[in-house]
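Everything on this sheet refers to the single structure shown next.
Quick look at the structure:
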């Protein structure tokens, strides 16, 4: 008799975790790094083998798997995130915000931003 409510609570907790993990972040705008002047520190969450050769010189490359270990090496509190997938972006931005960083914008390599914010100054 007590098993069914416990299973229901367990399933509800799993659903909440999956929704929080995959839901998008509405407060952080999508900005194309190559077309806009980004005045924040650029953090690249992509794997080392997926990064192109031509990166801006001040870009810090920290793959999402190493973020917990090396986030203290990010010098600025205002950051722009570059990720390859939406899941990578969501996990990385939430982690940085939880640790006191202000994520000003993000960009995805898989797709372009649908809402162009060319006049936004970060």
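Numbering (this note's numbering), first residue to last: 464 to 585.
By construction, the Cβ of each residue, glycine as well, lies at the ideal position given by its N, Cα and C atoms.
From a predicted model like this one, the values you see are computed outputs, not experimental measurements.
Helix, strand or coil: which one does DSSP assign to residue 506?
-> Locating residue 506 in the chain shown gives position 43, where the first residue counts as 1. Looking at residue 506 - three-state DSSP - the assignment turns out to be strand.
Buried or exposed: where does residue 579 fall if 16 or more other Cβ atoms within 10 Å of its Cβ makes it buried?
-> Counted from its first residue, the chain shown places residue 579 at position 116. For residue 579, the pLDDT reaches just 49, beneath the cut-off of 50, and the residue's location in the model is therefore unreliable, leaving the point undetermined.
Beta strand (DSSP E) containing residue 569: first to last residue?
-> By 1-based counting over the chain shown, the position of residue 569 is 106. That run of the beta strand (DSSP E) goes 565-571.
How would you call residue 483, buried or exposed, if buried means at least 16 neighbouring beta carbons within 10 angstroms?
-> Taking the chain shown and counting its residues from 1, one reaches residue 483 at position 20. Residue 483 comes out exposed.
Tell me, to the nearest whole angstrom, how far the beta carbon of residue 523 is from that of residue 504; I am working on the premise that it is less than 8 Å.
-> As a working mapping, residue 523 is identified with position 60 in the chain shown. As a working mapping, residue 504 is identified with position 41 in the chain shown. 7 Å between Cβ atoms; contact.
Per DSSP, residue 476 is paired with what?
-> Looking up residue 476 in the chain shown gives position 13. Beta-bridge pairing links residue 476 to no other residue.
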